[in-house]
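These notes concern the structure reproduced below.
Residue numbers (our numbering), protein chains in the order written: chain A, 1052 to 1387; chain B, 35 to 308.
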């Protein structure tokens, strides 16, 4: 029998809040924003986030919000699986765990046992740590890997916090990656050179079938266009490129749509890469989503991570790269 | 399958009657009542009994993570928070003895009020407690069942019977539960309509065929597991697996392991074609 979604509670019907952050200013704002949600006090976010026998798949249909205090691991070294775009001192932060979207290929379903969203409200402590690290060196910092910070901007307002830091600290270059169409939430701020807005774009067929809850390609591009017009530094990410039937048709259509709408000269760079994920994460993803078409591909194991066969990887990269070159200077294309 | 536990018969009676449950033998000291889609067990009062009773029944049944399990019963409540007869879905359980807290997922809409509940080891007659409601089973019930089923399939529904101010008459409990049983039963029926989808990919025939082929090819246990996974992935991609399997169904029994390996490799190549 199929799940009747009308019988489910709406997202964030319940907000679980650590007692230690009940009086934090962000907590108060979030409670005000969700004034109809039920509030449940908790001792530690892991009491709810790390329980056994949670169904990631079902929780995705009625996500709850958990507000907590980050006590350690404020900043991580950049992952080998992510492009550093030639930057030294590559770091990332994780002040929100999990995402409001439900992409079938997302590694988060392999990383976390819960689909609920944890917001560590004490972002000021992460920013302080970043300030310490960047005191004597330039750093490249990705702030939206384990979530989509812009999609949650109306709730947490972390983009604004990081922007304020970027304005005052020229030793950091921030990348915010998003699939959202929520540029309007930051449209009133003046762009700075050391803050890159990076949009992940997928063909409409993929968005519709494999990226649950995400805005359409057109809506994402509307946001990109507005950001370009405002003068933001823009990165486009066609990553992960997925090996699906007729991929040439879908990616060709998408690339043409992008550059019909956006002036390629106004794009800082484009990152492309095929689907890849750590072996252990893949195992968890597969366990939670056995019927996934994308995850049923006969992947190969390459030095601890799972990826397409070399033949298919090359096919995908070459096709997308060649198509992009028709529109944009090849020096601007970064291939992972 | 839906499982319901109550501490006392008096709490179970309206559900047994209205859901047409029949008493079943073979459950030792526990009274168990069943119909085709529902099993009700009376565990006895207290944390240990609540945990032991349902664990005993789980040991006898083929429990699945997708099964739904409910504890229904009476509870005490703070006078300024709830009225006698209020139905409550518990969203937080606090064990008085260990101070541990538990949180069942509340994914489904329901017509009840929500509250935390404090589980105590013996009756208390004092309103000066941290929680809004009090009972004697929830933490034991939750601890036991959360090892077996998904968090969103655990429901603890309580009916307020008193304000922790003295002994309650049996007839009063009976009438209070009787009165509220319809609203609970209606919700149970709604929940039954939304039992989770099966996550099985291969059907019975396909699994049997894989077993037969594995035997004929003399596959090791590891190879057999790989075979199953390859078949599952192939079926997800192509909506069919039996046609490939059938073409190997009648191969002769391999006398040498090498021959089995060669054939398995041949099957593997077909199954990973994309």
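Every residue, glycine too, gets a C-beta built ideally from N, C-alpha and C. Note that the structure is predicted; figures quoted are calculated from it, not measured.
By the beta-carbon neighbour count (other beta carbons within 10 angstroms, threshold 16), residue 184/B is buried. Taking the C-beta atoms as reference points, residue 191/B is found nearer than 8 Å to residue 104/B. By the CB criterion at 8 Å, residue 264/B and residue 306/B fall inside the cutoff.
Straight-line measurement puts the Cα of residue 68/B at about 10 Å from the Cα of residue 35/B.
With respect to chain A, the C-beta atom of residue 211/B has no partner C-beta closer than 8 Å. DSSP places residue 1277/A in the uninterrupted alpha helix (DSSP H) bounded by 1268-1281. In this structure, the beta-carbon distance from residue 135/B to residue 122/B does not fall below 8 Å. When C-beta atoms of the region 209-223 of chain B are compared with those of the region 104-117 of chain B, three or more pairs fall below 8 Å, so the two segments count as touching. Residue pairing for residue 1065/A: DSSP places it in a beta bridge opposite 1089/A. Residues of the region 1310-1332 of chain A with a Cβ closer than 8 Å to any Cβ of chain B: none.
The shortest CA-to-CA distance from residue 1211/A to any of 1236/A, 1276/A, 1190/A and 1232/A is the one to 1236/A. When the beta-carbon positions are compared, residue 1320/A and residue 1286/A come within less than 8 Å of each other.
Taking the C-beta atoms as reference points, residue 1224/A is found nearer than 8 Å to residue 1138/A.
CA-to-CA, the gap between residue 95/B and residue 70/B works out to about 13 Å. Comparing C-alpha distances from residue 73/B to each of 149/B, 55/B, 215/B and 117/B shows the shortest one belongs to 55/B. Where residue 196/B is concerned, the enclosing beta strand (DSSP E) starts and stops at 188-196. The C-beta separation of residue 1101/A from residue 1063/A comes to about 20 Å, leaving the pair out of contact by the 8 Å criterion. The three-state reading of DSSP puts residue 304/B in helix, counting H, G and I together. The beta-carbon separation of residue 1165/A and residue 1107/A, rounded to 7 Å, stays under the 8 Å limit for a contact.
Judged by DSSP secondary structure, residue 149/B falls within the beta strand (DSSP E) whose first and last residues are 147-153. With a contact defined as Cβ atoms closer than 8 Å, residue 86/B and residue 177/B miss out at about 11 Å. For the pair residue 1325/A and residue 155/B, the Cα-to-Cα distance works out to about 57 Å.
Contact of residue 1212/A with chain B is not assigned, every C-beta pair being separated by 8 Å or more. When C-alpha distances from residue 1383/A are compared across 1116/A, 1316/A and 1303/A, the shortest belongs to 1316/A. With a threshold of 8 Å between beta carbons, residue 1091/A makes contact with chain B. The way I'd put it, the region 1364-1384 of chain A doesn't touch the region 40-48 of chain B; fewer than three beta-carbon pairs between them come closer than 8 Å.
Judged by their CB atoms, residue 1263/A and residue 1153/A are nearer to each other than the 8 Å cut-off. A residue is called buried when at least 16 other Cβ atoms come within 10 angstroms of its Cβ; residue 1219/A does not meet this threshold and is exposed.
In the three-state reduction of the DSSP assignment, residue 294/B falls in the helix class, which pools H, G and I. The alpha helix (DSSP H) runs of length 4 or more contained entirely in the region 1289-1342 of chain A are, from start to end of the chain, 1298-1312 and 1330-1339. A straight-line Cα-Cα distance of about 43 Å links residue 1092/A and residue 1282/A.
The CB of residue 267/B comes closer than 7 Å to the CB of 1347 and 1349 in chain A, given here in chain order. Remark: C-beta atoms of residue 1251/A and residue 1288/A approach each other more closely than 8 Å. For residue 206/B, the number of other beta carbons within 10 angstroms of its own is below 16, and it is reported as exposed. Identification of chain A residues near residue 180/B by a Cβ-Cβ cut-off of 9 Å yields 1102, 1103 and 1104, ordered along the chain. Straight across, the Cα-Cα distance linking residue 1298/A with residue 1337/A is about 23 Å.
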